[in-house]
Structure formats: C-alpha cells, structure tokens
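Colleague:
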Amino acid sequence: MSSIRFFHCADLHLDSPFKGMSDLPSHAFKRLRNSTFDAFQQLINDAIQERPDFILIVGDLYDGEERSLRAQQIFQKGMEQLALYNIPVIISYGNHDHLSGKWTRFSLPSNVQAMPAETKTITLHIRGMNVNITGFSYRERHIPQAMVQSYPAATDREAIHIGMLHGSIRGDATHDVYAPFTIEDLLSKQYDYWALGHIHKRQILYENPMIVYPGNIQSRHRKELGVKGFYDIELSKGQATYNFRPASAVVFEEIEVDCEKILHANDLLKVCAEAIDGFRKEYGAGLVWLHLKNIDERARTLFEDAQLAEWVDIMREEQENETPFVWIQAIAVDLSSISHYKPTFASESVLQAINEWSDDEMKEILKELYQHPKAGRYLDELTTEDLKNLRFDAEHLFKLGFQ
C-alpha cells in the first residue's frame, strides 16, 4: 500500500496580542505582533514547496473568540494560496476560537473543510486510497466531556484513519482540562495517526500508532521557549515517519551565560554580547532571558553596585542597532555557587510554612494581585507547575536574604 504525506499543525493563535511586552522598541514590537502571521506564512510557503497531500490544523487558529478581521483575512489569503496548488486543508476550531464566538465571517475557498461541532468524518481520496479524518470543533469555550467517546472505531482496514483532537490528557494537572482523553482511549479506536492540539509543547505521546502534539507555531510568552513549528508526516498502514519543520519568526529562549572568572563590568558585558550574538546567528530574531551562572564572590559585587535593571538597559542599548533584533527581556543572576546560607529556627520555620502551603492557599495569598483591575488582565491563570516554581524561587530568594 502506498503512503500519504501531510502537515500536522495546531494552535496558530493568529493575531496574539503579546501581553506585557509593549516596552519593546516600536520596530521590534511590530515584528513581534506580526510573528504569528509570519510563522503562518512559513507554513504556507513550505506547503507550496513540498506539496503535501493535505494539511491538518487542529484548533485555535485564532487567538480569541472574537476573531480579528486582519487575522481572518490573512488566514483566508493563505488558504487561497494553497488552493492554487490543490492542497486540501482540514481545520477544527478549539477553545480559543470556538463556534459560539462573535466575528465577521470570511468565506474560505473550496479546498478548506471545517469540522462541525458534532464529531464528523471527512474522507479524502488520495491515489486510489481512502483517508478518513475524524474530528470536531468546539461549540463553546469549555468542553469538559471526553469527546473521544464519540469517535467511531476504525473498521475499514484498507483505509487510513486519522483522528483530530484538540484536548488534554485526563489527569494532567499542569493544564486545564479540555475534551480529556487517555492514551488507551485513543488506541482503542484503532486509528493510524492521532493529530492533537491544545498543548503548546511539542511532544510525541505514542509511537505506533503515532499520537502527536506539534505544539504551537510561534511562542507567545516565557512558558513557550524554543523553536516552534509543525510536523511533516509520511504515513502508511502500520508505519509513520515524521520530520519537524521550524516556523518561528521570533524565538523565545533562555540563554545561560558562563561568568566564571569575570572581574569587571566590561568583561561581563562582553560575554553577554557574545552569547546573544551566538543566539542571533543560530535563530535570528528573538526574545531572551539571560541566566548568569558561575558567579563568584568577586563578580557578585558587580550586582551590588548596580541594579539589574541598569544592566538590562545597557545591554539593550548595545543591541539596539543589531539585526535581526534580539530583545533582552530580563536578567537572572544565579548566586547558588556562593551561597552561605546558615539555617536558623526562624528561617527554617518560614521555609517549612511555604512548602506546606497547598495550591489553593498559594492562590489565596496571590489573590489580591490577580484580582487587581489593571494587573490582573496581563496574568495567565496559575498552573500547578507555576505554583511549584514560585515556591522554588521564594525559597531561593529567602536563603539569599539570610546569608
């Protein structure tokens, strides 16, 4: 039996507002605001060059339920480009761009088919072979029920069966539950490939058959580090090969800077500039968080005499005329190599209390910040992983203060 080839992507989040990053220079912020569109165009360009049999886009094409005119126009033009090359596209809408939203609709070309709210199977005929693609679109923002139960089991063993599912693994406390499923649920359907969406981290949950999250195509905040993109899949009965294709227009990343034997300010600025230049050569435009490590007692005085904000400003000034732009979002100084923390009854009692707080107690402590009428709009909902990191950071800072 011959194989088929398709692109699997998800979570385009076209026209993401990039909250909390408006302090960038105007040219850099414009590039950042356009990055989801640029990443989408990279997907289109790759498809035109490679000519896959079809493309799957598994939910959250748009960033919000009120899809912007600009985002819809750019998506519609991209679909028209693919139509010129007879490349079919199957899309489903997710929790961000659910069908109950309000927007001014654009007409999509005939090569595009959208999954309805009720689970549906769309059949493509490729080189004499049937390819059955099953999925659904979110009727409303939150779907707590296990939609996978509505997917029909594969019965035609001559056809290829693909499931599109925008949702999360049941029991995964790091994400809100949307259309939950288990690996066993998916395997029971006897499909040849599961094209997932919703989780922005690229990961392969199962190899045979492949169960795949491609991640999003463009980072939007610090939790989404690294190069983003989509999967190029070649699939036949019982076998699949995959190739990751990068699409990021702006790469978000943490850069570790080795500060061993640094004595003077100019030495520190030099090693940071070299690290940024290396990033630029490898990835192009980016937003970076510098993590300064291997700080000894002599280098520590550099940060006692000048605030981190001043260091950030100087480094930004050094980079402002370089292209493509790399914006330094923040600097973190790791002083663990020179930590001289000595436990006391008082300090250990405080640390014990922090570590014993439940997630609900942590959220209660932070409630005032998250309910602030202005600041609250720019804060994402806290996950279990976020709370774990907050405890770790609080303990680290507390110990530094007790040196």
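Its first residue numbered 123, the sequence shown is counted upward by one per residue in the numbering used here. No residue lacks a Cβ here, since even glycine has one placed at the ideal position from N, Cα and C.
Taking contact to mean 3 or more Cβ pairs, one atom from each stretch, closer than 8 Å, check whether the stretch 364 to 374 and the stretch 182 to 201 are in contact.
Modeller: In short, these stretches do not touch, since the Cβ pair count stays below three.
Colleague: Under 8 Å Cβ to Cβ from Ala239, same chain only, skipping five residues before and after it: list those, please.
Modeller: Leu221, Phe258, Ser259, Tyr260 and Arg261, listed in sequence order.
Colleague: Measure the C-alpha to C-alpha separation of Pro147 and Ile450 and round it to an integer number of angstroms.
Modeller: Approximately 12 Å, taken between the alpha carbons.
Colleague: Pro446: which of Gly293, Tyr405, Ala421 and Val472 sits nearest, CA to CA?
Modeller: The shortest C-alpha separation from Pro446 is found at Tyr405.
Colleague: Would Tyr300 and His130 be called neighbours here (beta carbons separated by less than 7 Å)?
Modeller: Result no, Cβ atoms of Tyr300 and His130 do not sit closer than 7 Å.
Colleague: Curious, which full-length beta strand (DSSP E) runs of at least 3 residues does the stretch 285 to 333 contain?
Modeller: Whole beta strand (DSSP E) segments, 3+ residues: 315 to 319 and 325 to 329.
Colleague: Alpha carbons only, please: which of Glu419, Ser190 and Leu206 is nearest the one belonging to Asp456?
Modeller: Ranking Glu419, Ser190 and Leu206 by Cα distance to Asp456 puts Glu419 first.
Colleague: Only counting runs of 3 or more residues, tell me where the beta strand (DSSP E) segments fall wholly within the stretch 382 to 456, in order along the chain.
Modeller: For the stretch 382 to 456, whole beta strand (DSSP E) runs of length 3 or above, ordered along the chain, are 408 to 415 and 448 to 455.
Colleague: Going by the DSSP bridge assignment, what does Pro174 pair with across the sheet?
Modeller: According to DSSP, which records beta bridges pairwise, Pro174 is partnered with nothing at all.
Colleague: So is Lys79 buried or exposed if we call it buried at 16+ other beta carbons inside 10 Å?
Modeller: Given a span of 123 to 525 for the chain in the structure shown, any question on residue 79 remains unanswerable.
Colleague: Thinking C-beta only, is Phe374 closer than 7 Å to Leu409?
Modeller: Yes.
Colleague: Taking Arg342 as the reference, which of Glu444, His413 and Phe151 has the closest Cα?
Modeller: When only C-alpha atoms are compared, the closest one is Phe151.
Colleague: Going by beta carbon distance, what residues of the same chain come within less than 8 Å of Ile248, once the five residues before and after it are set aside?
Modeller: Excluding sequence neighbours, Ile248 sits near Ile126, Asp175 and Phe176.
Colleague: Just the Cα atoms here: how many angstroms apart are Gly229 and Tyr313?
Modeller: Per the sequence shown, the amino acid found at residue 229 is Ser instead of Gly. Those two C-alpha atoms are separated by around 32 Å.
Colleague: Tell me whether Tyr273 is buried or exposed, calling it buried when 16 or more other Cβ atoms sit within 10 Å of its Cβ.
Modeller: Buried is the call here.
Colleague: What does DSSP give as the partner residues of Ala236 in its beta bridges?
Modeller: Bridge partners of Ala236: Ile213.
Colleague: Here's a check: name, in chain order, each residue in its chain whose Cβ is nearer than 6 Å to the Cβ of Gln526, leaving out the five neighbours to either side.
Modeller: Residue 526 falls outside the range modelled here, since the chain spans only 123 to 525, and no answer is possible.
Colleague: Fully enclosed by the stretch 149 to 203, which beta strand (DSSP E) runs are 3 residues long or longer?
Modeller: Runs found: 176 to 180.
Colleague: If we call anything under 7 Å between Cβ atoms a contact, is Ile398 one with Leu430?
Modeller: Taking 7 Å as the Cβ cut-off, Ile398 and Leu430 do not qualify as a contacting pair.
Colleague: Going by the CB atoms, is the gap between Leu178 and Ala317 shorter than 7 Å?
Modeller: Going by C-beta atoms, Ala317 is nearer than 7 Å to Leu178.
Colleague: Should Lys434 and Gln441 be called a contact, given that it needs their Cβ atoms to be closer than 7 Å?
Modeller: For the record, residue 434 in the displayed sequence is Val; it is not Lys. The answer is no: Cβ separation not under 7 Å.
Colleague: With a threshold of 8 Å, are at least 3 pairs of Cβ atoms found where one atom belongs to the stretch 131 to 143 and the other to the stretch 189 to 204?
Modeller: Verdict: yes, contact present.
Colleague: Are the beta-carbon atoms belonging to Tyr315 and Ile339 less than 7 Å from one another?
Modeller: No, the pair does not count as a contact, with Cβ atoms beyond the cut-off.
Colleague: Once DSSP output is grouped into helix, strand and coil, what is the label at Ile242?
Modeller: At residue 242 the sequence reads Lys, which differs from the Ile that was named. If DSSP states are grouped into helix, strand and coil, Lys242 belongs with the strands.
Colleague: Whole-angstrom Cβ separation of Met237 and Met286, contact assumed at under 8 Å?
Modeller: The Cβ separation is near 7 Å, so the contact holds.
Colleague: Tell me where the alpha helix (DSSP H) around Tyr364 begins and ends.
Modeller: Counting along the chain, Tyr364 falls outside any alpha helix (DSSP H), though it belongs to the beta strand (DSSP E) covering Gln361 to Pro368.
Colleague: Using a 10 Å radius around the Cβ and a threshold of 16 neighbouring Cβ atoms, would you call Asp219 buried or exposed?
Modeller: Asp219 is buried by the Cβ-count criterion.
Colleague: Determine, using beta carbons only, whether Ile244 and Ile212 come nearer to each other than 7 Å.
Modeller: A contact, by the Cβ cut-off of 7 Å.
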